[in-house]
Every structure is written in C-alpha cells, then in structure tokens.
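Working notes for the structure below.
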Amino acid sequence: MGAIQSIIGKTPSYFRFPYGSYNSAAQNYVANKGLRIVQWNLDTGDWQQPNKDNPQITLNTIYSSLNAVDSSYASFIPLEHDVWPTTAGATSNSWIWAGLSFIQSKGYRFVTVAECDGDPSGGYF
Numbered sequence: 001m002g003a004i005q006s007i008i009g010k011t012p013s014y015f016r017f018p019y020g021s022y023n024s025a026a027q028n029y030v031a032n033k034g035l036r037i038v039q040w041n042l043d044t045g046d047w048q049q050p051n052k053d054n055p056q057i058t059l060n061t062i063y064s065s066l067n068a069v070d071s072s073y074a075s076f077i078p079l080e081h082d083v084w085p086t087t088a089g090a091t092s093n094s095w096i097w098a099g100l101s102f103i104q105s106k107g108y109r110f111v112t113v114a115e116c117d118g119d120p121s122g123g124y125f
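Every letter in the sequence shown is one number past the one before it in UniProt numbering, and letter 122, counting from 1, is 122.
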C-alpha cells in the first residue's frame, strides 16, 4: 500500500482479491491491514475467449442479469477487464457503450464502491 500512497498521496481502504480467490486466512490478513474487502456480484464474462471475439455474449449476460431483478433494491458490482479492447471501448464492436446505456435505462446509477458501501471516506484513508 506504500507504493500506492507514494504515487497518489492516499492509501486505499478497499481490496479486491485477484481472481476473486481467497480463504479465511487471506480475509483476516486483509482485515488486519484495515482494508475492506470488495467482491463483484456480476461476472460479465468479458474475460472468456468467446466473449472477446463476440462481445454480444457479454452484453447478453448484463441484459439477463439486470432484467431478472428490480433496480429499486438490487445493486451490482460488475467484474470487467479494461485490458480487453471489447470491454474498454477501443473497438467498433465493444459492448461497453450499449451496456452503459442499457444499465442507465434500467434506473441504475454509476457510483464509487465507497458510495455503494456507504463509506464517507471516499475509499481512501
């Protein structure tokens, strides 16, 4: 965390486990560092090979997940990877622009993890 502090001048207060893989010892270690654990609850599947070639598959995952719930009480933290051009919006067949429009049309707002968690710190110490 010292490296992040030295670069941006703040220390993060949230931690996401790589690959979403963790056990109780890892959870305890992170908690003892004073970090809040954040985990996604919607895997868009953008990392899977068929989705990279056909981003409509990712878009369909988002459509079906959001259509299955009421936006007045449901919230999502999606797993997306900005290393894939079809996710980052760098290609003409990117799903991201249609996905963002659809999400907003369902009544969702885009907020920080801290806001979603009710954390007044803004996510930094």
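We put the CB at the ideal spot given by N, CA and C, even for glycine. Fair warning: this is a prediction, and the values are worked out from it, not measured in the lab.
Simplified DSSP state of residue i, which is helix, strand or coil
i     : result
Leu66 : helix
Buried or exposed (CB count within 10 angstroms, at least 16 for buried), residue i
i      : result
Trp40  : exposed
Asn51  : buried
Ile7   : exposed
Phe110 : exposed
Ile99  : Note that residue 99 is Gly in the sequence shown here, rather than Ile. That one is buried.
Pro55  : buried
Whether residue i touches residue j by CB criterion (8 Å)
i      : j      : result
Asn93  : Thr86  : yes
Gly107 : Ile96  : no
Gly45  : Ile57  : yes
Ser13  : Gly118 : no
Leu42  : Ile77  : yes
Cα-Cα separation, residue i to residue j
i      : j      : result
Cys116 : Ser75  : 8 Å
Gln104 : Ile62  : 12 Å
Thr112 : Ser121 : 11 Å
Glu80  : Leu59  : 12 Å
Ser64  : Asp82  : 22 Å
Asn28  : Gln5   : 22 Å
Met1   : Ser72  : 36 Å
Trp84  : Lys33  : 31 Å
Tyr22  : Ala31  : 13 Å
Ala3   : Phe15  : 15 Å
Leu66  : Phe102 : 9 Å
Gly9   : Ala26  : 26 Å
Thr91  : Asp53  : 11 Å
Asp70  : Tyr19  : 28 Å
Gln49  : Phe17  : 22 Å
Every unbroken alpha helix (DSSP H) inside the UniProt domain "NodB homology" (1 to 111) [4 residues or more]: 2 to 8, 24 to 32, 49 to 53, 56 to 67, 85 to 88, 96 to 105
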